[in-house]
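In numbering that gives the first Met the number 0, the protein residues as written are 0 to 250. The beta carbon of each residue, even a glycine, is placed where N, CA and C say it ideally should be. Working notes, beginning with the structure itself.
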Amino acid sequence: MIDFHSHIIPQIDDGSRSMEETIAMLREAKNVGFNKIISTSHYYEDKYVVEEQHRENSLIDIANKFFESTGEEMRLILASEIYITPYMVDLIKEKKASVINGTRYVLFELPLNSEPFGLRETIFRLIENGYKPIIAHPERYPIVQDDPNMLIELIDMGVLFQSNYGSIMGIYGNTAKKTVKKLLESDMIHFLGSDCHRANSIYPKIPKMISEIEKIVGSRRLRELTVLNAQHILNDYDFEPYTPRKIKRFF
0 MIDFHSHIIP QIDDGSRSME ETIAMLREAK NVGFNKIIST SHYYEDKYVV EEQHRENSLI
60 DIANKFFEST GEEMRLILAS EIYITPYMVD LIKEKKASVI NGTRYVLFEL PLNSEPFGLR
120 ETIFRLIENG YKPIIAHPER YPIVQDDPNM LIELIDMGVL FQSNYGSIMG IYGNTAKKTV
180 KKLLESDMIH FLGSDCHRAN SIYPKIPKMI SEIEKIVGSR RLRELTVLNA QHILNDYDFE
240 PYTPRKIKRF F
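Structure, rendered in structure tokens:
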């Protein structure tokens, strides 16, 4: 499986605190079936600012070389989770924030406690500069919880969506749990990620989370969400999203 969202390289953001913890998290991930982890460290202007070269050469390469030396099948992949900003294209071009694995795909997040300013303008600017936007964990945002069908317009614009495994177990609250269930049922989610920040937290619970998600989407769609769709992104292929279905009844 491919973990689409993690905070696993050390001392960059609020994730892993040391290379030892990073290695422990990677082994936990391997034990539950992951063999590729996309490292989506926060890039948040004036708060979490570590340029691409340091993240890739000084941290990701160290972890990958460690697993190569042990013969264990595990690969850590460069990306960022960028906090929405009108300067996102500039940050990417200046090699401050990172696209996913050098592709056209960009993962970014919205405010958790307020409506995002200039969301559609930001999406348009990414697309007109050749990038393909992916929004992290929509189920956690109040604007989506209030109206999940707003994602349909964004999907039609070319946006893809990644949900967190933990949402299905209520880790981010009951409203996020209900929302992600509806989004999965309505084919508005395209990738899944752990959003793991610490050892001995999310990864050991992944099998139970996967079981709950499979009950909603079935085994074929589960494989797409956990492996195939993510591999398309890593290969920089064009991605044709599912046709979303409008949610007729919500809470």
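*Could you spell out where the alpha helix (DSSP H) holding Pro-243 opens and where it closes?*
Going by DSSP, Pro-243 is part of no alpha helix (DSSP H) at all; its letter is neither H nor E.
*Option nearest Tyr-267 by Cα separation, candidates Val-105, Asp-60, Gln-144*: This structure leaves residue 267 out entirely; the chain is present only between 0 and 250.
_Three-pair Cβ contact test at 8 Å for the segment 103-121 versus the segment 58-72_ = Contact between the segment 103-121 and the segment 58-72 is absent, because fewer than three Cβ pairs lie under 8 Å.
_Sequence-distant residues of the same chain with beta carbon closer than 7 Å to Ile-61, five excluded per side_ = For Ile-61, where only same-chain residues beyond five positions count, the Cβ hits under 7 Å are Met-18.
*In whole angstroms, what is the alpha-carbon distance linking Ser-38 and Ile-7?*
A direct Cα-Cα distance of roughly 6 Å separates Ser-38 from Ile-7.
*Leu-183 versus Asp-2: straight-line alpha-carbon distance, rounded*: Rounded to whole angstroms, Leu-183 and Asp-2 show a C-alpha spacing of 17 Å.
*Cα-Cα, which of Arg-219, Arg-119, Ser-193, Pro-243 is closest to Ser-185?*
Answer by Cα proximity: Pro-243.
*Gly-165, DSSP secondary structure in three states*: Looking at Gly-165 - three-state DSSP - the assignment turns out to be helix.
_Less than 8 Å between the beta carbons of Asp-194 and Gly-172, yes or no?_
No, the Cβ-Cβ distance between Asp-194 and Gly-172 is not below 8 Å.
*In the structure shown, what three-state DSSP assignment does Val-49 receive?*
Val-49 falls in the coil class under three-state DSSP.
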